[in-house]
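Q:
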Amino acid sequence: MSADPQKTVGGQAVIEGVMMRAPAGWAVAARNPEGKIVVRSDELPRLSSRSVAARIPLVRGVMVLGESLSLGMRALTWSANVAGVEEDEEELSSWAMFFSVLASLTLAIGLFMIVPTLVAKWAAQGSDLILAIVETVIRLVLFVGYIWEIGRWEEIDRVFRYHGAEHKTIHAYEAGDPLTVEAIQKYSPAHPRCGTSFLLLVIIISSIAFGILGDLDWLWLILSRIFLIPVIAGVSYELLRWSGLAEGTRYADWLAAPGLWLQKLTTGEPDDDQVEVAIASLLNAVDEEARDEALARGPVPEAALDVEFD
4 MSADPQKTVG
14 GQAVIEGVMM
24 RAPAGWAVAA
34 RNPEGKIVVR
44 SDELPRLSSR
54 SVAARIPLVR
64 GVMVLGESLS
74 LGMRALTWSA
84 NVAGVEEDEE
94 ELSSWAMFFS
104 VLASLTLAIG
114 LFMIVPTLVA
124 KWAAQGSDLI
134 LAIVETVIRL
144 VLFVGYIWEI
154 GRWEEIDRVF
164 RYHGAEHKTI
174 HAYEAGDPLT
184 VEAIQKYSPA
194 HPRCGTSFLL
204 LVIIISSIAF
214 GILGDLDWLW
224 LILSRIFLIP
234 VIAGVSYELL
244 RWSGLAEGTR
254 YADWLAAPGL
264 WLQKLTTGEP
274 DDDQVEVAIA
284 SLLNAVDEEA
294 RDEALARGPV
304 PEAALDVEFD
């Protein structure tokens, strides 16, 4: 089954909730300590949905990545406040949010891009082949090990279950099924367009790109790992997008397989309450026409409709 680009929905899990991103809008839903689902929704920035650049291959991937990081940070901060994790209800300012994202990106680039390169450079002793193999192995071990370790934490385990609820709900919506808990729970918690699959593709594509470059001196080696990130992200996004559009074909399924396997670590089976939150998020992310069409398929859980708006 391939996804209709005009109906494609993405998202991410947040604290006690789910954020959904539709073609023209986004919404985040989370349960407060009293068990009530609270929703916040808004239109996507004009630049992301209507600009010429948003339709240019490679460029659009970088734009989507930047937008996803921004929306994701806003959704996480908001959900933490709703769930009662943060005592301070005041939202981060745009500058505070910017520096928070920047710090996270810097840490991620340092740990998953620069550290493997430095260790591999020391071990390679001038061999392009050894450099490529050692760098790839270290990067994969760090990435998978990091996911496995945080998945053992109780709080992150709940986030991963909301991640599964997000995927199941998107599966049902894109398949044209009723948005009932029963219909949604039949689907797999893994999804080929997941951000986990994207990150794994980034590692694979970077290994190919850096292998072609070969062994460089220390400065150029490090700079290449930093400045090629947008290009690698753009290529990875296009491959992930294609695998979603061509889902069910042999090559698309081959491409999606490693990411789907890795999602066994980043998703879990959600309970019915978590699925209700994902439904509420999706219904408030899509436009009015899509919402009406989804509601016409069958009865939606009352908890997903009787929500509190922020």
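First residue of the sequence shown? That's 4 in the numbering used here, and the numbers climb one at a time after it. Built from N, CA and C at the ideal position, the CB exists for glycine as well. Quick caveat: nothing in here was measured; it's all calculated off a predicted structure.
Taking Gly148 as part of the alpha helix (DSSP H), name the residues at either end of that continuous run.
A: Asp131 to Ile153
Q: Give the C-beta separation of Arg43 and Glu19 to the nearest angstrom, bearing in mind that I take them to be a contact with Cβ-Cβ under 8 angstroms.
A: 14 angstroms between Cβ atoms; not a contact.
Q: Look at the Cβ atom of Asp184, then the Cβ atom of Ala32, and state whether they are nearer than 8 angstroms.
A: The amino acid occupying residue 184 in the given sequence is Val; Asp does not appear at that position. No, Cβ-Cβ distance for Val184 and Ala32 is not below 8 angstroms.
Q: If you follow the beta strand (DSSP E) that Arg244 is in, where does it begin and where does it stop?
A: No beta strand (DSSP E) holds Arg244; the alpha helix (DSSP H) holding it covers Ile232 to Leu248.
Q: With 16 as the cutoff for other CB atoms within 10 Å, does Ala16 come out buried or exposed?
A: buried
Q: Alpha carbon to alpha carbon, what distance is there between Glu241 and Tyr254?
A: 14 angstroms
Q: Going by DSSP in three states, Glu311 sits in which element: helix, strand or coil?
A: Residue state for Glu311 is assigned as strand, using DSSP reduced to three classes.
Q: Which of the three DSSP states is assigned to Arg300 in this structure?
A: coil
Q: Taking 8 angstroms as the limit between beta carbons, can you name the residues of its chain near Leu145, skipping five residues before and five after?
A: Leu114, Phe115, Val118 and Pro119
Q: Quick one, which of Gly75, Asp218 and Asp295 has its alpha-carbon nearest Val104's?
A: Gly75
Q: Alpha carbon to alpha carbon, how far is Gln128 from Arg58? Give it in angstroms, no decimals.
A: 43 angstroms
Q: Nearest-angstrom Cα distance between Ser71 and Ile207?
A: Taking the straight line joining both Cα atoms gives about 21 angstroms.
Q: Say whether the segment 262 to 281 touches the segment 159 to 167, bearing in mind that this needs 3 or more beta-carbon pairs closer than 8 angstroms, one atom from each stretch.
A: yes
Q: Verify whether the separation of the beta carbon atoms of Asp313 and Val41 is less than 8 angstroms.
A: It is a contact, given that the beta carbons lie within the stated cut-off.
Q: If you draw a straight line from the C-alpha of Ala78 to the C-alpha of Gly28, how long is it?
A: 13 angstroms
Q: For Trp151, which option in Phe201, Leu265 and Gly247 has the closest C-alpha, if you only look at C-alpha atoms?
A: Leu265
Q: Give me the Cβ distance between Arg300 and Asp180, rounded to the nearest whole Å; I'm assuming they're in contact under 8 angstroms.
A: 7 angstroms
Q: Going by beta-carbon coordinates alone, are Ala307 and Leu286 separated by less than 8 angstroms?
A: yes
Q: I need the straight-line Cα distance from Thr252 to Pro26, nearest angstrom please.
A: 24 angstroms
Q: Let me know if Arg196 comes out buried or exposed under the rule of 16 or more other beta-carbons within 10 Å of its beta-carbon.
A: buried
Q: Which residues does DSSP list as the beta-bridge partners of Arg34?
A: Within the DSSP secondary-structure output, Arg34 pairs in a beta bridge with Ile40.
Q: Cβ atoms of Val147 and Val137: under 8 angstroms apart, would you say?
A: no
Q: Whole angstroms are fine: how far does the CA of Trp81 sit from the CA of Glu92?
A: At Glu92, the pLDDT of 46 sits below 50, so the modelled position is not reliable; the number obtained from the coordinates is stated separately. Straight-line Cα distance between these residues: approximately 9 angstroms.
Q: Please report the straight-line C-alpha distance between Ser200 and Ile215, rounded to a whole angstrom.
A: 23 angstroms
Q: Identify every residue that forms a DSSP beta bridge with Glu292.
A: For Glu292, DSSP assigns no beta-bridge partner whatsoever.
Q: Using a Cβ-Cβ cutoff of less than 6 angstroms, which residues in the same chain neighbour Val310 once the five nearest sequence positions on both sides are dropped?
A: Ile40, Val42 and Ala283
Q: Figure out for me which residue from Leu134, Met66 and Gly154 has the closest Cα to the Cα of Leu47.
A: Met66
Q: Go through its chain and collect everything with a Cβ distance to Gly198's Cβ below 7 angstroms, but skip five positions before and after it.
A: Closer than 7 angstroms at the Cβ level, and outside the excluded window around Gly198, lie Gln15.
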